[in-house]
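Working notes, structure below.
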Ligand code: DLL
């Protein structure tokens, strides 16, 4: 195979040099962290008062973990380490309650993120001759602008099509000769089903590659998309707290995602004992960012369950490879690529006086896409011959939920006492999607 490297000297750097680089960057990042109120306090408790207190990479383990709740409690500026006038961009992701977690970028941070993204894209074989249709949400979500910037840096013609609207996606693909797309795996499957439904011929398209991420999917799903569309699909992993996509990406070997270790320090811990697992074992991924000055985040508990492949990659890159994410160590749901915590839904419906105590969240597949249904109990007065108050309440719940979780759910209202009551710990979530990871 003809491998191509965006930055060969970094991508193939010997491990000893890579670790020396990590240490140097970690010290720098500690410097940024000490400029934030949160970490000044947190690092102070373990005796880290200046960057030189970090002598070796092992010293990282002295630092307490950072959680999504910490970031949320620091909202809006508790993690900002540079003057606000130096910030040029923010992105955000959902929190466990209404408060999002916000990440800020300086102009240099954006350049570094873009460069990491270009490294990922170039490593899959893309060049400036490609036409790249970015079929994922733009906005506060990092998937849109992240891949967009990286695609431009590689020199591809980038079409910022955003997600949804398959008819327009097909038209763009045909009009401009799209060769590469980016989407969630469920949207790729949906696109393929729509192609058959509306009679778009594969021969009318010149697409050859897709980047798929933002939600879990199995090797079988990858193979299914590849064979149905006759393309190569590359797995892409990232999270807003760590810039978004570009944390880890597959190379042309398509066997695990290289995590850019000059930009992140990755640890895998046992989510119960919080101790490191043995190399190669599955556990929770903990990440420290080394490439962002505006919002340093140290030892962030991603809650994603994965592990490292232990053998070297034939492509020659020395940065280790992550396995597919096999699950989460918390209750976060990913619905068509959008992260939703059951507690966010509960907060909305329990805030409505008409709604009773019992509710149920159901997630299932409808075609290739995920479908969320929220079932709640309401008092008997509303069930009369006049369906208008009932429909108005349903609509109000749907709209309020949509504002809070960015997904429009189906809402069902049930009479008090009619939803199943569990003995012991309430089972509020039924995830009926096939588990094939
Ligand atoms: O999903 C960033 C992203 C955008 C990644 C586009 C890849 C492509 P968040 O919205 O903060 O950021 O969600 C992060 O999504 O902790 C994982 O649980 C899940 N996730 C992301 N990529 C993958 C993947 C973006 N390839 C959360 N496989 C993460 C499995 C993934 N899960």
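Numbering (the working numbering), first residue to last: 63 to 499. No residue lacks a Cβ here, since even glycine has one placed at the ideal position from N, Cα and C.
Taking DSSP as the reference, what is the three-state secondary structure of residue i?
i, result
"residue 204", "helix"
"residue 382", "coil"
"residue 216", "helix"
"residue 34", "This structure leaves residue 34 out entirely; the chain is present only between 63 and 499."
"residue 497", "coil"
"residue 299", "strand"
"residue 227", "coil"
"residue 78", "helix"
"residue 273", "strand"
"residue 451", "helix"
"residue 410", "helix"
"residue 180", "helix"
"residue 128", "strand"
"residue 492", "strand"
"residue 389", "strand"
"residue 268", "coil"
"residue 338", "strand"
"residue 359", "coil"
"residue 221", "strand"
"residue 465", "helix"
With residue i as the anchor, note down where its alpha helix (DSSP H) starts and where it stops.
i, result
"residue 281", "281 to 291"
"residue 257", "247 to 260"
"residue 345", "Per DSSP, residue 345 belongs to no alpha helix (DSSP H); it is in the beta strand (DSSP E), 345 to 351."
"residue 105", "99 to 106"
"residue 72", "70 to 73"
Is residue i near the ligand DLL, in the sense that its beta carbon is under 6 Å from a heavy atom of that ligand?
i, result
"residue 306", "yes"
"residue 302", "yes"
"residue 204", "yes"
"residue 275", "yes"
"residue 366", "yes"
"residue 298", "yes"
"residue 404", "no"
"residue 278", "yes"
"residue 387", "yes"
"residue 401", "yes"
"residue 155", "yes"
Alpha carbon to alpha carbon, how far is residue i from residue j?
i, j, result
"residue 441", "residue 475", "10 Å"
"residue 497", "residue 319", "21 Å"
"residue 278", "residue 446", "43 Å"
"residue 390", "residue 215", "33 Å"
"residue 396", "residue 339", "26 Å"
"residue 71", "residue 386", "27 Å"
"residue 325", "residue 481", "48 Å"
"residue 171", "residue 311", "19 Å"
"residue 270", "residue 210", "18 Å"
"residue 84", "residue 304", "16 Å"
"residue 301", "residue 176", "15 Å"
"residue 298", "residue 494", "25 Å"
"residue 410", "residue 113", "43 Å"
"residue 239", "residue 150", "33 Å"
"residue 418", "residue 412", "8 Å"
"residue 131", "residue 182", "30 Å"
"residue 199", "residue 223", "9 Å"
"residue 63", "residue 129", "41 Å"
"residue 111", "residue 435", "50 Å"
I need the boundaries of the beta strand (DSSP E) containing residue i, first residue and last residue.
i, result
"residue 165", "163 to 168"
"residue 365", "362 to 368"
"residue 328", "326 to 331"
"residue 437", "431 to 440"
"residue 307", "306 to 312"
"residue 427", "417 to 428"
"residue 475", "472 to 477"
"residue 397", "395 to 397"
"residue 401", "400 to 402"
"residue 149", "149 to 155"
"residue 63", "First-last for residue 63: undefined, no H or E at that position."
"residue 50", "What is shown of the chain runs 63 to 499, which leaves residue 50 out entirely."
"residue 321", "319 to 321"
Would a check of beta-carbon distances place residue i closer than 7 Å to chain D?
i, result
"residue 192", "Of the protein chains in the structure, only one exists, and it is not chain D."
Check whether the stretch 455 to 462 touches the stretch 423 to 434, taking contact to mean three or more Cβ pairs, one atom from each stretch, closer than 8 Å.
no
Assess contact between the stretch 352 to 362 and the stretch 133 to 142, defined as three or more Cβ pairs (one per stretch) separated by less than 8 Å. Is contact present?
The stretch 352 to 362 vs the stretch 133 to 142: in contact.
Given 8 Å as the limit, is there contact between the stretch 365 to 374 and the stretch 328 to 342, that is, 3 or more CB pairs closer than that?
yes
Count the CB pairs spanning the stretch 237 to 254 and the stretch 282 to 299 that are closer than 8 Å, and state whether there are at least three.
yes
Check whether the stretch 90 to 100 and the stretch 398 to 405 touch, using three or more Cβ-Cβ pairs below 8 Å as the test.
no
Is the stretch 126 to 140 touching the stretch 258 to 272, taking contact as three or more C-beta pairs under 8 Å?
no
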